Amino acid sequence: MTEDSLRSVTVERTATGRFTATNARGGVIGFAAGAGPDGGSEFTPVELLLAAIGGCSAVDVDVSTARHSEPTGFTVTVTGHKVTDGLGNRLTDLEVTFSVAFPDGAAGDRARAILPRAAKASHDRLCTVSRTVETGTPVTTTVTDA
């Protein structure tokens, strides 16, 4: 593997149950263990996973369809059921649903025709996030001194 293939984020604790993730380009996103007593609106790690799956597929589909027509509406909903069983905590029955509208006319018709193929290509080979979840990969955890 090359250094060019490495992707990383750094997660830092900011308060009890609250964290920020920072990428190599300086982007920052906050998240929390869950809705705390103050009813915080931060995403949970599970919601970030769902957003990553939907966002990755949305980018793939948008690139393919927007070449032909700018959408008039574009929503991706990602759902899954959290279960706890003999395998531990995990999500099952992950589902990505696209709701995309294009204007009337030839360009919109072309984009509508491409939409199912673009969503399938994202699922089957393009979306790194959902491909990683579906195919599975070992996760190694290491503890070092701070």
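At the far end of the sequence shown sits residue 146, using this note's numbering, and the numbering has no gaps.
Using N, Cα and C, we set each Cβ at its ideal position, and we do this for glycine too.
Note that the structure is a prediction, hence the values are computed from the model and not measured.
To the nearest angstrom, how far is the alpha carbon of residue i from that of residue j?
i	j	result
Ala106	Pro116	17 Å
Val61	Gly54	10 Å
Ala51	Val78	7 Å
Leu6	Thr140	15 Å
Ala24	Thr65	29 Å
Cys127	Thr144	32 Å
Val63	Thr142	37 Å
Thr84	Val46	14 Å
Glu3	Thr22	19 Å
In terms of alpha-carbon separation, which member of the options lies closest to residue i?
i	options	result
Asp109	Thr14, Arg67, Thr16 and Ala15	Arg67
Ala33	Gly27, Glu95, Leu126 and Thr14	Thr14
Pro57	Ala146, Ala119 and Glu134	Correcting the residue identity first, residue 57 is Ser in this sequence and not Pro. Closest by alpha carbon: Ala119.
Thr137	Thr144, Val129 and Arg125	Val129
Thr44	Thr65, Val59, Ser64 and Arg18	Arg18
Thr16	Asp4, Gly27, Thr75 and Phe31	Phe31
Pop quiz: residue i and residue j are said to be a contact at Cβ under 8 Å. What is the actual Cβ separation, rounded to whole angstroms?
i	j	result
Asp93	Gly80	6 Å
Arg90	Phe102	Not confirmed; about 36 Å, so no contact.
Taking the alpha helix (DSSP H) that residue i belongs to, which residues open and close that run?
i	result
Ala121	Ala106 to Ala121
Ser69	That residue, Ser69, is in no alpha helix (DSSP H); it is neither H nor E in DSSP.
Arg131	Thr128 to Thr135
Can you give me the start and stop residues for the beta strand (DSSP E) that residue i sits inside?
i	result
Asp85	Gly73 to Asp85
Glu12	Val9 to Ala15
Thr153	No information on residue 153 is available, as it lies outside the stretch 1 to 146 that the chain covers here.
Gly30	Val28 to Ala32
Arg18	Arg18 to Asn23
Does any residue of chain B bring its CB to less than 8 Å from the CB of residue i?
i	result
Asp62	No chain B is present in this structure, which holds just one protein chain.
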